[in-house]
Every structure is written in structure tokens, then in C-alpha cells.
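J.: My questions all concern the structure below.
Residue numbers (our numbering), protein chains in the order written: chain X, 1 to 173; chain V, 1001 to 1789.
Right under this line is the structure:
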């Protein structure tokens, strides 16, 4: 399964780069992520609960970054083992491109599944992967990107929404 | 006697009463005191190195009694292939070991590398989850063509993915090449015989008991041939002496080939039962069945047919890649070779045939015999290329076949593929088919379909198969490591009823009804007084099991021989009772009489006398009335048939519907026409399933994508038409005492090419120049072919 797309993130390249290496951000953004620990250099350990078609499982996996050219590109690879449900593994080539104040994040994802996930879920795996990617980047946009201009008031108000929107950027800025 | 019970009577199947009332006894119904459960840990990757397995956490889980890994079986033998095939250069085939549990490497998704024995299924499953295994995934070898050129080996120790490169008949190669080179016309076709999952209704199940008191094992298992399973476990795998191992295959819910073979799960439960001192049962779930039952077919073939200017066949030449999967299953080397190449002359007088088969290891489930086993693949290739040739040279497909049929006065006929056909009349079959299928009325039906916006096609097919495997002398020459006779014991009890112990195993074939019909006919007694005992090695002298449409032709012949011995002895007893010479005793309708007198005794009186031998001439006759016979045939049997079908194709969607299907078969003599009809129906359903619906799909990583009924499409009632089945054109087999030929596989052999031929005809009639579509002909494939035509 291959998936290529790009997303505009409402933050500068350095912020996006830092966010991609932050386990807290990843934990908040990976759909179904229950635990995430580690570092970019050592790799991350993650626990993700997901339901693919009829198969629901807890995936324990490792994620590591390679080919890192700060702040331009990196390869993220990971493998999750879901016991009787089988496994999912894959990688994403991520490239960051500055466009004025914002960053365009290009990604090429390659994923494969095995065991019960492949046996029972293969028909729906492409749609599932697309949904996962969409959710991740929506979450990532929310976490990293600055609020839209017409949301300025809300940010200033500091209500619950602002905590969700752009919290990482505010933390580091 | 009236034909309500003997040979030729359409007696209802007595076994159906228990099957239809839920009182069948299958392996999983066997529950015994102290029974435990085995669950297997199976690979989720198609190819990988087992770096480490830590079972300590699993072993400490609640209810866990033992955990096994491949390490526990390194000192026992492997599960062997039953036939040795030599390559064209004389080299023997490559035979990598097939262990009880994977050791060192896993080689297909579903390959078991560990097993947990626990008190309950849930506990065992939880413990399997707790096994810590580190398997380093390697790239998988999936596509056969890639496998042959790859240096990524399924079995590193053999240094190739080619099991063998077989030529049949190698001495005919040059003549075949020359005939094709000089031919007036050559038709070439590349085709795929799609891989199938057997899908027996009952998944596999094995339950082992070990008796410490006498060191004896009992294995209840889903087997088509319990004696062979016992032999393989004894002689090759675990080394348990045959006299210490009883294998029982009780009611078995379908096999279609997949339960011929010995599987590692059987050895595992036996070893486990001894180790923990308690019975151990494993029951496959449906996913395991998809992943680990031996699959069927999976050939990729190029076939060439050379013709002269009049349409006479000059030569067939084929090149085939046959997938054997990750390990050699017991019949896997025979199926694409001697059960396939030897049939490549079909029903035809063609003088030159050359067959090349390369068997290929891949990281997929083992592939072995499936209903028809090699013969459907042969028929499919032949009958597709003949149909294509007919279209190319502009000859009616029936006429082209008739022009090349072997004629009735040519038997025995030595085929160019090395067999000697004993009997047949292919023109008569075709005549009957044209009649009962109302072929003359097809054009009118086509016009009616066109009015409804549908393309109607007519497809025809002729087949021959070699059944009743087989003569041990012949199969021995061909590489079989076993003999292929069968055995029966006829026991007449003192009160006149009979127990007949047969080596054939019934798992849908109706032996319990058909075999008594034979004995009843010979003795002139009520078939209801005769019971068949099968599937238990402790009760039956020996048996080579049920497959290859062999039960009646081989085991039924053993029943005849044993019954003849019974009659001979009973006549002696009757002669003694009647104070006559046994040469003067006649047996008619269950009564022994002295020829030309009114002196007689009944069969029941003779039976009683045999067991109460007062005033018996003991020096001439032993007490008792029980006889055993082993029967080894002189040749294969050669059922044949002419099939046709009509399909409608929806040109907008590509959906195919089979509207009419006619099967006219020569099965020789028929013992129970109702059972024969049912067998043909079942085969037709499976053949249509293969042609239109069923496909086994592995992705490039060796993941089985069609591993459930959501993705693997089995035929349903509304996918199938009403069938016209006719077996009026029987020519008795010349060399077995019943004159029978075998009917179990015919429908699955004859129907796939018939359906494909009909679909091509339909598309051609609609102006689409489509010459071939690979099976299964899904709406997507048919529609795509139409768009590209």
C-alpha cells in the first residue's frame, strides 16, 4: 500500500521539524496512541490501539528516524505487532518545504500488514491507511500549526480550544 | 432380485439419516475424560528467520501444561513426499525436510513454530500470545516465475526454488518439436489454472490419546486415509510402531483431497499426549484452514496444438510451472506430473505429446491434490487450446473434437502420453450430449437472450481421466513410494448379518450405501443386513484410502474378491449340510441349492452352521465365515465424458451466469445412479466455482489476502444452474470385476473449460474478439476483456 500526499502546516519549518521529533506530539497525533516514549536518536516505543475492519488489537511497536537532514527531510520507519491480529509496518519519507510562513509537509507512505490484518482486512486496508494518515496530519496541524488569522481572538482568550490548537507551537515559542 | 437394493438401484444413502439429524460423529465430537487443548503459534510473515523463541512466560500462564517448539522435534523425521520425481537430466527432485514445527525458519504465513497445550482453548490462546518470538522477516518468494530466477530460496539448503524439471515423455520431445515445426497450423495459449482453497465443510481436527499401560496411542483425525497417516507417522515422522498406533477417521465432513495428507498437527498432538499423559485435541479454525490446508491447482501453462490442413491433431506441447508451496505435501509431486502429464493426449489420436513441468517452491501454503488432482489442469489446457484452434481454423468445436477422437474399435488404445486406455466411446458420449442438451436449439435460445440484452455462449468439452489409482506395478515404475491396492474383509456373523471392513474411507461418497449393494447383489441378501466398517486401522486389514475416484474401482473390487471367497466357503458348508458335492451347489437369491434337486439351505442357515460347526468336516473346512482380499488393479480406469454449457454474459457488467450445464459421462457400470448423480453435481459446483468465483490471492509479501469467506467466493445455490446429468453411455471397465470406472472427480474436471469456452463464445458472438480470460471469470475480468477487445 502506497500513499503520497502533502499538507500545509501553519508553522515554520524549524517548528515542524522539532514537532516531528517530539514524542509528546507524536503521542497526541498518532490515532489510538496510548503510550509513546523515547527519542529521535534512540527511537520510540509506542503502544497503539486500533480497529481495522473486524480486527481490533493493541499494537506494540518501535519507531525510528533515519536519513535525517535537518530541517529538510527524514525517513520514519515503524513496526507494530498486534499478537494474534498480525502486524503492521511501514515507513514514511517526509520532506519539509518552506513557503513563506508556512511549511508544506510532503509524505510518501509505504505500509504493509500481515497475519489476520491481511487475511481479514485487506479489502479495507487502503481506506484505513488513508484515514489514519488524514487523522494524523489533522492532529498534527492542530498541534503544531498556528491558529488561523480569524481565530486570533480565541487564542488570546486562552480557552480550551486554544490549548488544543497550536499548543506545541506556543510551548516552544 | 428386484432393483431396490442391489447393483444399479438408486438406494437412498443410509448415512444421510445421521448426517441430516445431527448425529454424525466427527473428530471434534470425540470428547474424553481429561482432554486438553492444543493451539498453534503460527507465522504472520511468509518468510523469516526465527532468531529466538522464549516460551517461559507462556509456560507459566494459568492452565498451561506444555509448550512445544521446533526444537522439540529436531530429532524426529520429516513428513515425506509420496512420489519421487526425477528431472529431465536424471537428477532426483529436491526434497527439503518438512518438520512437525518450523525450526530455524518460517516459510509461509500460517507455518506453525510453536504449540501450547492447556486446559482450555482460551488459556491456550492467551499463552500463544505470551510466547516471545523474534522472527526477522525476509523478502518472500511468491510469484513462480520470479522464484525460478531468484537467489532468495525458500529452502536455503537446496540452493534453488525448483523442485524438479520433469519431461514427459522425454523420448518424444524431438518428434513433438518436429511435428509442431512442420505443422500446417499451430495454436498457442497461455493460461493460469487458478489456485483454490479446498474448503471442506469440516475443518481439520486431531485428538490424540496415549495409554501408558500398554504404550499405545490412538489418534482420531480428519483423514481420507487413516492407514496411510498411520504409516507416515510410524515409518517417517515419530517412529511409533504401527502396532502401537491406532488411527481413526470417524465421520469426516468433506476432504476433496485436502485430508489425504498427514499434517504436522497430528504428530504434535500425539507427542503432546504422551508427554503430559492426557488426551490432547486440536481443532482448526476457519482461518487456519485457509492458511494451512493444502491448496489445489496453481499452474501456469503455455500449450501449443499443431494441426494439419484437415484439422487432425499432430502434437500437443506444454510448458507448465506448478506451485508446490513452501513444503512438499504427500502427493504434491505426483499431482502435476503423473496425474497430469499422462492425460495430456486427452480423448484424441494425436501421435505426439510432450509435457514439461517445473515444480516451484514458494513462500505459500503447500499445494497438493484437489478434486481431480492434475487431471483438471490437463483437461483445461487441452480443451481450451482445442477450442481456440477451432475458432482459428474456422471449424465447429464439436466437429474438430470428433475428427480427432479415438474410435471405439481402437481399444485398447496406447495414448501418446503413455497410458493404455481400456474402453470408451467418445462419439457416443458426444451424440448423447447433443441430444440431451438440445444443442440444436441453442441458436434459438441465443436469439432469445439477445432480445434480453444478453450475450449467450455455448461451450463444449471432452475429457478423459485416469482413476482408480492404481496398479502398484505401474505406479512403482512411475516413482510412487507406496503401493496402491486396497483391501476388504467380509465377516459373516453367526446370525447371518455382515460386517464389511473396507480400506476406503467415506467422507461424502456414500460407501456405506453403495458397498452393501455390491455384496447384497452377489449373495442375494438384503443390503440392510450388511454394514460397512471404515476409517479405523484397528478394525480394517489395510487400506490406501479414498482419493482419485478409486474407492469402488479398487476397494470395491477387493470387496468382490472377498465376497467370492465367502461364497466359495459357504458353498462347501452348504454342500456338507446338503450331503452333496460343493461343485453342485448353486447360490440364487440367498439360497444354496443342489443343482437339479429341491434340496436347499438358506444363507442364514449356512452362516449359523459356520459358527456352530457340529459334525463339521474339520479336516476340510475351518469354522467361521470371514474372508479378506487385497486387490491390486491391472490398469487405471478411464472415465470420460462430453460436457456442454450455455452462459449468458451481461455486456454492461461482465457478469456471467451459467444457464444450462450438461454432463454426459462414461463411468462404466454404475452401482448406485443416485449417488453417482450427486457426485457429479458436487463436482460441477466446484468446477463452476473455480471457473467463475474462487481465487486464492497472496500479495507480494506472501500475505494471504483471500483468507475468509468475505474475500474467497464460494459458489452459492443461485450461482449454479439445474444440471442435466446422464450416465447412460457406460462402457464397462475391462479389467476390474465390477466394470466400474469412478465418478468422484469428473464434474470438477469437465466443467471449468466448458464454462470458459462458453464465455469466450458469448463474447465472440457479441463481436468482441476475446480469445481467453483466466479463471475466475469475475465480472471485472470479463468486462475488462470486453473493453480491451
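C-beta atoms are modelled at their ideal positions from N, C-alpha and C, and glycine is treated no differently.
No experiment lies behind these values; they were computed from the predicted model shown.
(1) Report, in whole angstroms, the separation of the C-beta atoms of residue 1306 of chain V and residue 1180 of chain V, which I expect to be a contact under 8 Å.
(2) Mind pulling the chain X residues with CB within less than 9 Å of residue 1707 of chain V?
(3) Which of helix, strand or coil does DSSP assign to residue 1183 of chain V?
(4) Would you call the CB atoms of residue 1464 of chain V and residue 1346 of chain V closer than 8 Å?
(5) Can you give me, in chain order, the residues of the stretch 1106-1134 of chain V that have a beta carbon less than 8 Å from any beta carbon in chain X?
(6) Starting from the C-beta of residue 1395 of chain V, find all residues in its chain whose C-beta is less than 6 Å away, skip the five residues before and the five after it, and write them out in chain order.
(7) Return no unless some Cβ of chain V is closer than 8 Å to the Cβ of residue 111 of chain X.
(8) Can you tell me the Cα-Cα spacing of residue 77 of chain X and residue 106 of chain X, whole angstroms?
(9) For residue 1013 of chain V, collect the residues of the same chain with a Cβ closer than 6 Å to its Cβ; drop the 5 residues on either side in sequence, then sort them by chain order.
(10) According to the Cβ coordinates, are residue 1748 of chain V and residue 1683 of chain V closer than 8 Å?
(11) Taking the alpha helix (DSSP H) that residue 1433 of chain V falls in, what are its first and last residues?
(12) Can you name the residues of chain X whose CB is closer than 8 Å to the CB of residue 1704 of chain V?
(13) Quick one: what's got a C-beta closer than 8 Å to residue 149 of chain X's C-beta in the same chain, skipping five residues either side?
(14) Going by alpha carbons, who is nearest to residue 1361 of chain V out of V:1161, V:1629 and V:1230?
(15) At 8 Å on the CB atoms, spell out the chain X contacts of residue 1710 of chain V, in chain order.
(16) When the Cα of residue 4 of chain X is compared with those of X:143, X:137 and X:142, which residue comes out closest?
(17) I'd like to know whether the C-beta of residue 1695 of chain V is nearer than 8 Å to at least one C-beta of chain X.
(18) Exposed or buried, what is residue 41 of chain X when buried is set at 16 or more other beta-carbons lying within 10 Å of its beta-carbon?
(19) Applying the criterion that 16 or more other CB atoms from any shown protein chain within 10 Å of the CB defines a buried residue, is residue 36 of chain X buried or exposed?
(20) Can you give me, in chain order, the residues of the stretch 79-90 of chain X that have a beta carbon less than 8 Å from any beta carbon in chain V?
(21) Against chain X, which members of the stretch 1032-1063 of chain V pass a CB distance test of less than 7 Å?
(22) Using C-beta distances below 6 Å, list every residue in its chain close to residue 1732 of chain V, excluding the 5 sequence neighbours before and after it, in chain order.
(23) Evaluate residue 977 of chain V with the Cβ neighbour count: other Cβ atoms within 10 Å of its Cβ, from every protein chain shown; 16 or more gives buried, anything less gives exposed.
(24) Roughly how many angstroms lie between the CA atoms of residue 1155 of chain V and residue 10 of chain X, to the nearest whole one?
(25) How would you write the range of the beta strand (DSSP E) that residue 1379 of chain V sits in, first residue to last?
(26) Counting contacts by CB-CB distance shorter than 8 Å, is residue 1493 of chain V in contact with chain X?
(27) Output yes or no for whether 8 Å exceeds the beta carbon distance between residue 1348 of chain V and residue 1107 of chain V.
(28) Assuming residue 1543 of chain V and residue 1227 of chain V make a contact with CB atoms under 8 Å, what is their CB distance in whole Å?
(29) For residue 1643 of chain V and residue 1554 of chain V, which I take to be in contact (beta-carbon distance under 8 Å), what is that distance rounded to the nearest angstrom?
(30) One question on the structure: do residue 1426 of chain V and residue 1462 of chain V come within less than 8 Å of each other, judged by their Cβ atoms?
(31) Just mark residue 1274 of chain V as buried or exposed, buried being the case when its beta carbon has 16 or more other beta carbons within 10 Å.
(32) So which residues on chain X does residue 1293 of chain V lean against when the C-beta distance must stay under 9 Å?
(33) Counting beta carbon pairs with one atom in the stretch 1478-1498 of chain V and one in the stretch 1204-1218 of chain V, are three or more of them shorter than 8 Å?
(34) My output table needs one value for residue 6 of chain X: the three-state DSSP class, helix, strand or coil.
(35) Looking at C-alpha atoms only, which residue of X:83, X:111, X:97 and X:80 is the closest neighbour of residue 74 of chain X?
(36) Can you tell me which of V:1672, V:1539 and V:1042 puts its alpha carbon nearest to the alpha carbon of residue 1290 of chain V?
T.: Quick answer:
(1) 4 Å
(2) By Cβ distance, chain X contributes 116, 118, 119, 120 and 122.
(3) When DSSP states are grouped into helix, strand and coil, residue 1183 of chain V belongs to the coil group.
(4) yes
(5) 1109, 1125, 1128 and 1129
(6) 1311
(7) Not an interface residue.
(8) 16 Å
(9) 1510 and 1513
(10) yes
(11) 1426-1436
(12) 118 and 119
(13) In this prediction, residue 149 of chain X scores a pLDDT of 48, lower than 50, which makes its location untrustworthy; the coordinate-derived value is nonetheless stated afterwards. Cβ neighbours of residue 149 of chain X beyond the five flanking positions: none.
(14) V:1161
(15) Residues of chain X whose Cβ lies closer than 8 Å to the Cβ of residue 1710 of chain V are, in chain order, 120 and 123.
(16) Each of X:143, X:137 and X:142 was checked against the Cα of residue 4 of chain X, and the nearest Cα belongs to X:137.
(17) no
(18) exposed
(19) Under a 10 Å Cβ-count criterion, residue 36 of chain X is classified as buried, with 16 or more other Cβ atoms of the shown protein chains found around its own Cβ.
(20) Taking 8 Å as the Cβ-Cβ cut-off against chain V, the residues of the stretch 79-90 of chain X that qualify are 83, 84, 86 and 87.
(21) 1044 and 1045
(22) 1668, 1669 and 1739
(23) Because chain V is modelled from 1001 through 1789, residue 977 of chain V falls outside the range shown and cannot be assessed.
(24) 53 Å
(25) Unbroken run through residue 1379 of chain V is the alpha helix (DSSP H), 1375-1393; no beta strand (DSSP E).
(26) no
(27) no
(28) Cβ atoms of residue 1543 of chain V and residue 1227 of chain V come within 8 Å of each other, at about 5 Å.
(29) Not confirmed; about 25 Å, so no contact.
(30) It is a contact, given that the beta carbons lie within the stated cut-off.
(31) buried
(32) The premise fails here: residue 1293 of chain V is roughly 14 Å from chain X at the closest Cβ pair, so nothing lies under 9 Å.
(33) no
(34) strand
(35) X:97
(36) V:1042
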